[in-house]
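Down below is the structure, laid out as structure tokens.
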Amino acid sequence: MILVTGASGHLGSSIIQHLLKKIPANQIIALVRNEAKATMFKEAGVIIRMGDYHNPASLATAFVDVHKAVLVSSSDFNDRFGQHKNVIDAAKAAGVSHFTYTGISLKNVNTSVLKHFTEDHFQTEDYLKESGMAYTFMRHNLYAEMIPLYIGRQVLDKGIVFPAGEGRVPFALRDEMGEANANVLISEGHENKSYNIANDVNYSFQDMADILSELAKKKIIYTNPNQDSYIDSLKASGLPEHMAQIASGFSIAMRDGDFDLPGNDLKNLLGRKPTDLKVYLQQNFYSERRK
77 MILVTGASGH LGSSIIQHLL KKIPANQIIA LVRNEAKATM FKEAGVIIRM GDYHNPASLA
137 TAFVDVHKAV LVSSSDFNDR FGQHKNVIDA AKAAGVSHFT YTGISLKNVN TSVLKHFTED
197 HFQTEDYLKE SGMAYTFMRH NLYAEMIPLY IGRQVLDKGI VFPAGEGRVP FALRDEMGEA
257 NANVLISEGH ENKSYNIAND VNYSFQDMAD ILSELAKKKI IYTNPNQDSY IDSLKASGLP
317 EHMAQIASGF SIAMRDGDFD LPGNDLKNLL GRKPTDLKVY LQQNFYSERR K
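In the numbering used here, each residue's number is its place in the sequence shown (first place is 1) plus 76.
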């Protein structure tokens, strides 16, 4: 039996969708907080169990008869490490033999501007190592699906305005990361290994502007504003102060090369080359405009 936490979220649901293509539904357990959000999987024959990362008691029976589990990191930043610790403790107590964790790919958490935002991922990894369970760390780089949040959807008219300088990121599709996670769960030889889940090519925001210029057959300008004016523009658009600061932090991390970690792990786990950024941009910016 394979258990997937966060099953109603984007990544968790992607992992389950890919597992359903490879193993019977009754071998998959979806752990959710709200059963109503798991209707699609329940109808497909997936076993649904309830559990809350914040509530150890709710997790006590979630891992019964589970051989492998994947912990999709929490999107709730209120004591995220504590939440992860609760899940790992419950899995260990139930006798889970192989535990996979979806963390983050970052060059050096201690020097990154995002240290306060990401260090709990590495605390989770350390705690999982100490648990005695066989582990696999799936260190995810940035999702291509996040690009519209960084640059907006009016780039064909307004250009790209984002303070990442010449920083480069190996953006990859979240669904392909989900597929890679599913492939690890159904195969052997991944015990006590760490994978850098990223595209094998890295891209700058100038590269994005050049690709969009090619697709639109007109010049798309990339502008690298200073951080203060960028934050002011986000707040003027209605984004709360704390969200504007988080967006600014990610742009600084990109500028500083914190995510510049392309590699072949995703390609090897998929058995094919990951989707190129040009394909994503064409489908999500240029094709939308033509409809």
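For every residue, glycine included, the Cβ atom is placed at its ideal position computed from N, Cα and C.
As the structure is a computational prediction, the values presented were derived from the model and not from experiment.
Query: Span of the beta strand (DSSP E), counted from its first residue to its last, around Tyr177; Result: 174 to 180
Query: Top-ranked residue by Cα proximity to Thr210, from Asn268, Ile227, Val185, Ala220; Result: It should be pointed out that residue 210 corresponds to Ala in this sequence rather than to Thr. Out of Asn268, Ile227, Val185, Ala220, Asn268 has the C-alpha closest to the C-alpha of Ala210.
Query: DSSP-derived helix/strand/coil call for Val260; Result: helix
Query: Alpha-carbon to alpha-carbon, Ser207 and Asp165; Result: 8 angstroms
Query: Three CB pairs or more closer than 8 angstroms across the stretch 331 to 344 and the stretch 167 to 183; Result: yes
Query: Per-residue burial, Pro100 [other beta carbons within 10 Å of its own, 16 or more giving buried]; Result: exposed
Query: Coarse secondary structure for Asn217, derived from DSSP in three states; Result: coil
Query: CA-to-CA distance, His216 to Tyr129, given in whole angstroms; Result: 21 angstroms
Query: Residue ranges of each alpha helix (DSSP H) within the stretch 265 to 303, 4 or longer; Result: 281 to 292
Query: Range of the contiguous beta strand (DSSP E) that encloses Ile164; Result: Not the beta strand (DSSP E): Ile164 falls in the alpha helix (DSSP H), residues 156 to 170.
Query: Opening and closing residue of the alpha helix (DSSP H) in which Leu315 lies; Result: From DSSP, Leu315 is part of no alpha helix (DSSP H); its letter is neither H nor E.
Query: Terminal residues of the beta strand (DSSP E) in which Ile124 lies; Result: 123 to 126
Query: Stretch pair the stretch 223 to 243 + the stretch 270 to 285: three plus CB contacts closer than 8 angstroms; Result: yes
Query: Cβ contact (3+ pairs, closer than 8 angstroms) linking the stretch 79 to 86 and the stretch 101 to 111; Result: yes
Query: Length-filtered (3 minimum) beta strand (DSSP E) runs lying within the stretch 84 to 116; Result: 104 to 108
Query: Chain-order list of residues whose beta-carbon lies under 6 angstroms from that of Gln321 (same chain, five-residue window excluded); Result: none
Query: Pairwise C-alpha distance: Ser90 and Asp251; Result: 6 angstroms
Query: Helix, strand or coil at Ala329 [DSSP, three-state]; Result: helix
Query: Residue interval of the alpha helix (DSSP H) (run including Ala133); Result: 132 to 135
Query: Simplified DSSP assignment, three categories, for Thr212; Result: strand
Query: Collapsed DSSP secondary structure at Arg348 in the structure displayed; Result: coil
Query: Neighbourhood of Leu218 by C-beta distance below 6 angstroms, restricted to the same chain and skipping five residues each side; Result: Val245, Phe247, Phe335
Query: Identity of the residues DSSP links to Ala145 by a beta bridge; Result: Leu79, Phe175
Query: Close-in-space but distant-in-sequence residues of the same chain around Ser270 (CB under 7 angstroms, 5 per side omitted); Result: Phe213, Arg215
Query: Closest by C-alpha distance to Ser280, when choosing among Ser263, His266, Thr299; Result: Thr299
Query: Minimum C-alpha distance to His160 - residue among Leu147, Val277, Met126; Result: Leu147
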